[in-house]
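A.B. asks: I'd like to ask some things about the structure below.
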Amino acid sequence: MQNEKLKAIVAEAAARFGADAYEIRISTTESAGAEALKDEISTVTYALSGGMTVRCVKNGRSGYAASELISEEAAAELVRQACANAEAIDEEDAVPLFEGSDAYESREGEAEALPSAEELKAQTLQLQKLTYEASDRIVDGTQCQVKGIFVRDSFLNSAGLDLSYECSRVIRVVAAAVREGDQADDDYSVVPVAKETPEETVNKTVQSALGKLGADTVDSGKYDIIFDKASLRSLLETYASVFSARSAYLKTTLLAGKEGEEVAAPCVTLVDDPFWADKFGHCPYDGEGVAVRTKKLIENGVLKTLLYNRMYAKLLGRETTGNAAGARNIEPKGLYIAPGAYAEQALLEHMGSGLYITALNGLHAGANTQSGDFSLQAEGWLVEDGKKVRPVKNITVADNFFRILKKVDAIGDTVEFDAVSDFGAPELLVKDVSVSGR
Amino acid sequence: MIEKKLMSDLIAIVLHGGADFAEVYCEYSKNSRIGYADRKIESISDQIVSGVGIRGFVGTKTFFASTTDLSESGLRECANRVAQAIGSPVDRIPTFSLVERIPTNIHPVKTVPQDVSTAVRAGLLRAGCGKAYEADEKIIQVSGSLVANDHSFVVANSEGLYTADRQIRTRMAVSAIASNGAENQEGSCSPGRSMGLELLEMISPESIGEEAARQALVNLRAVPCPSGLMPVAIENGFGGVIFHEACGHSLEATSVAIGMSQMAGKLGQQVANPKVTAIDDGTIANAWGSCNIDDEGEPMIRRVLIENGILKSYMIDRLGARRMGMASTASARRQSYAFEPTSRMTNTYIANGPDRNEDIIASIENGIYCAAMGGGSVNPFTGAFNFAVREGYMIRNGKICEPVRGASLIGTGSEVIQKIDMVGNNLDTAQGMCGSSSGSVPTDVGQPLLRVSEITVGGQA
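Those protein sequences? They're chains A and B, same order as listed.
So for the first sequence, numbering that gives the first Met the number 0 puts the first residue at 0; every next one is plus one.
So for the second sequence, numbering that gives the first Met the number 0 puts the first residue at 0; every next one is plus one.
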């Protein structure tokens, strides 16, 4: 159904159910992929998903309703439901619906048609073949995948906003399982196909999996630690909510009221850049229709700003930073720690002895955003005299996120973003972290 | 929902594409969520999840497409995508006719939540969250939610199966933050069942708020947990996450059938301590992980996975059954139509054992008592698992002492289930959401109090 027609239906229903204002967001994701097992394609998938969310404002309060069914009937029913929900809410809206930013930065050519099933199958089989050829220690259970994602988004409201955006990306997944004697391990990579050749992805993944064979624990104690890009990215994503103005307003982040104060080591600068070139998607507007922009959250260790939407900006006497995820929630749009001066080897030599961490697991449960405490299962390498000497597993790394920020000693020189999320990181050296092993 | 005749046509399209088995799954779900924070009902949202997932098998290969376009042309296009992806069209297909099977409803619902006014439901949430504020002035923030899912689906396949189920689940969650000015600590409580609003007659909203506040206050006075190898006593309820992560996932056909599990090829072998009997039972009336049928339409059953330490059964879906040459155990589950189903757990627990609970605590000279656990994760191939301690205490000389915080437990599944060497008798279950390749599904975990003779405890001290 066309947006114009939908808008007319919602406008009519909004008038009928007594809404003073309304907002519609229509988002659809189309994806197609192929996956291989042993030497053949095991699965081919195609999915069309998404739907529409309607927000209705009634007597100064907002209610929401969403549906994956996009039809005239569904649209009118969503308005009725959203109006009913608005009537049961305690809290009044802090701000009216947004009328629009002066300008929106646009990116052309971000969306390309999804590859056909035949193309996906051929690319996946080639990837699987390369993976098996990369080592004689590769075993069955190794699975490669090529997947395309196409996202379309439209945002319109009764205050006159009418925005849309689309983007796509094809990603390559290599999950390599290796075995030697009674030792077995695995590793995986998810990368945009445009970033590197299939051979590069396969080689780095297989080498990483092989490198884990023979891993053992270490003695419990305090260690200097380098978080690699992926492990630091996962930590940053887990703790992103501590930079949210909503958390500050609710007093559920220890950064509340700390703007202008030193919260990290002087070498730390934390940036939110919605237009970082390598990341997936550069939507020019946020969840309220505000133009997104780049800003430094921490500059040389000092907390410059939290992330705001319009509601919490109003309640806390600030301006929005264009980080709304809907009217109430807040999210980063491209969060990364700015790079430092150290190439990987220089960072290892700077540390001397310690651990090089390549994975942190259990972040959804073992990391507490209230206290900042975390205790996480980890794996990586034991480092002696600036060299990775043997693989390490069955350890936990435990510290506190806020304390880690202050203990940063040195930062790697290259930032890498995740293939599909809005988080990036360089490597990071932190002194004196608790490690539990034997 | 779509017409039976159209479902039959869609199956035929997939068979014509060259599939030897075809299935159509049609879903219509109404989910509602009321959110509370900062002493206010701050959000109310309703969501309709509706779409169709169509699947074809060729031997052990699967071809899957899903769509939210429920027009006849949209559905035919979806089925054609599956047929084209298979790419071996045939003129003649086996005849089949869809015969309806009505499953017995073993999870009766008294009050469908969405039939009760939003104001009444909001009042229940307000009562639960408000109680947490009353517990102590150190409770500075309380948030909560009341979620109700009314999930209906019809599944039909080329073997003539045509069956439907309606699953209603209700869950209230309260999270309380306690602060002493310098530090914040959290406590939470989130019971749920496959039932309606009568859940909150069985478990009062106030008791949920009180429990969240109590836990937050305990954590506020807790000291950092020590690190190293030590014995632990893990309490009942969510403690059962140890079996779920350390062993349960490794028994799912999802990993077993492709050799990516430590438990592959071990049926009949002693894989756990003889005191361990573990069960996955999707038939427990009104339990959080229960269903009348699985997502492939098979009537739900109870599976004894491990009996006195011996591996008795895996959890197997239809594709896993083909890959493993074994029968399905009605273990197919999916978050929604948009996910291809795979083998999953339902309500998984370690049964009561021979030990007295007081003897378990008394047996530990220096270790940790884990009164409440958080979630975890596992790599089934290596068996490496982790889970977080949400409320813990030191045990010294057989006595429970001061609370400790910030700990996780890690290990290798095959080793840890051999080290469960004392099993108590106060079996209880708790609710979680389990994530895997077929999405997030509700599961119960459970166990009585038990002892792990030695495990790596990761703390900051």
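C-beta atoms are modelled at their ideal positions from N, C-alpha and C, and glycine is treated no differently.
#1: Run through chain B and tell me which residues come within less than 8 Å of A:Ala-65, C-beta to C-beta.
#2: Since A:Ala-364 and B:Phe-386 should fall inside the 8 Å C-beta cutoff, what is the C-beta to C-beta distance between them, to a whole number of angstroms?
#3: If we cut at 9 Å on Cβ distances, does B:Glu-41 have a partner in chain A?
#4: Does the Cβ-Cβ distance between B:Ile-494 and A:Ser-153 come in under 9 Å?
#5: 9 Å is my cut-off, CB to CB: does A:Leu-234 come that close to chain B?
#6: Could you tell me whether the Cβ of B:Phe-152 comes closer than 9 Å to any Cβ of chain A?
#7: With the cut-off set at 9 Å, would you say A:Pro-338 and A:Thr-395 are in Cβ contact?
#8: Could you round the C-beta distance between A:Asp-271 and A:Leu-306 to whole angstroms and report it? I think they count as a contact, below 8 Å.
#9: In chain B, which residues lie less than 7 Å from A:Gln-369 when you measure between Cβ atoms?
#10: Would A:Thr-439 pass as a contact of A:Glu-236 if the rule is Cβ separation under 9 Å?
#11: Which same chain residues, not among the five before or five after A:Asn-58, have their C-beta less than 8 Å away from its C-beta?
#12: Pair every Cβ in the region 117–131 of chain B with every Cβ in the region 33–43 of chain B, then say whether three or more of these pairs are closer than 8 Å.
#13: Could you give the DSSP three-state label for B:Cys-128: helix, strand or coil?
#14: Apart from the five residues on each side of it in sequence, which residues of its chain come closer than 8 Å, Cβ to Cβ, to A:Glu-35?
#15: Could you confirm whether any beta carbon from chain B is found closer than 9 Å to the beta carbon of A:Asn-84?
#16: I need the straight-line Cα distance from B:Gly-180 to B:Ile-292, nearest angstrom please.
#17: For A:Asn-308 and A:Asn-328, what's the separation of their Cα atoms in angstroms?
#18: For B:Glu-41, which residues of its own chain have a beta-carbon under 6 Å away from its beta-carbon, when the five flanking residues on both sides are left out?
#19: Does B:Met-6 come out as helix, strand or coil in the three-state DSSP assignment?
#20: What does the alpha-carbon distance come out to for the pair A:Ala-340 and B:Val-146?
#21: Report the partner residues of A:Asp-139 according to the DSSP bridge assignment.
#22: Which bits of chain B does A:Ala-183 rub up against, with CB to CB less than 8 Å?
#23: Tell me B:Pro-225's beta-bridge partners as DSSP assigns them.
#24: For B:Arg-213, which residues of its own chain have a beta-carbon under 8 Å away from its beta-carbon, when the five flanking residues on both sides are left out?
#25: Does the beta-carbon of A:Lys-392 have 16 or more other beta-carbons within 10 angstroms, so that it is buried, or is it exposed?
#26: Using a C-beta to C-beta distance shorter than 8 Å, which residues of chain A count as neighbours of B:Lys-265?
#27: Using a Cβ cut-off of 9 Å (strictly closer), state whether A:Ala-116 contacts chain B.
#28: Can you name the residues of chain A whose CB is closer than 8 Å to the CB of B:Gly-374?
#29: Does the distance from the CB of B:Phe-338 to the CB of B:Ser-193 come in under 9 Å?
#30: In terms of residue numbering, what span does the alpha helix (DSSP H) encompassing A:Asn-202 cover?
#31: By the 8 Å beta-carbon criterion, what residues does the region 310–339 of chain B contribute toward chain A?
#32: Nearest to B:Glu-136 by alpha carbon, out of B:Asn-156, B:Ala-215, B:Thr-103?
#33: Which of the three DSSP states, helix, strand or coil, is assigned to B:Val-81?
#34: So which residues of chain A does B:Gln-83 contact, with C-beta pairs closer than 7 Å?
#35: Anyone know if the C-beta pair for B:Ser-407 and A:Leu-375 falls short of 9 Å?
#36: Please state if the CB of B:Gly-405 and the CB of B:Thr-455 are separated by a distance shorter than 9 Å.
C.D. replies: Quick answer:
#1: What A:Ala-65 touches in chain B: Ser-44, Asp-45, Gln-46, Ile-47.
#2: Sure, about 6 Å apart at Cβ, within 8 Å.
#3: Flagged as an interface residue toward chain A: B:Glu-41, by a C-beta distance shorter than 9 Å.
#4: In the structure as shown, chain B begins at 0 and stops at 460. Residue 494 of chain B is therefore absent and cannot be evaluated.
#5: Cβ-Cβ to chain B under 9 Å: no for A:Leu-234.
#6: no
#7: no
#8: 7 Å
#9: Simply Ile-176, Asn-183, Gln-184, Glu-185.
#10: Any question about residue 439 of chain A goes unanswered here, given that chain A covers just 0 to 437.
#11: Asp-19, Ala-85, Glu-86
#12: yes
#13: helix
#14: The amino acid at residue 35 of chain A is misidentified as Glu; the sequence shows Ala. Answer for A:Ala-35: Ser-41, Thr-123, Leu-124, Leu-126, Gln-127, Gln-142, Cys-143, Gln-144, listed in chain order.
#15: Yes, because at least one Cβ of chain B sits closer than 9 Å to the Cβ of A:Asn-84.
#16: 51 Å
#17: 8 Å
#18: Gly-34
#19: helix
#20: C-alpha separation (whole angstroms): 49 Å.
#21: A:Thr-141
#22: Phe-380, Thr-381
#23: For B:Pro-225, which the question treats as bridged, DSSP gives no partner whatsoever.
#24: Ala-134, Gly-186.
#25: buried
#26: Per Cβ cutoff of 8 Å: no residues; B:Lys-265 is ~15 Å from chain A at best.
#27: yes
#28: Gly-361, His-363, Ala-364
#29: no
#30: 197–211
#31: Ala-337, Glu-339
#32: B:Ala-215
#33: helix
#34: Ala-116
#35: yes
#36: no
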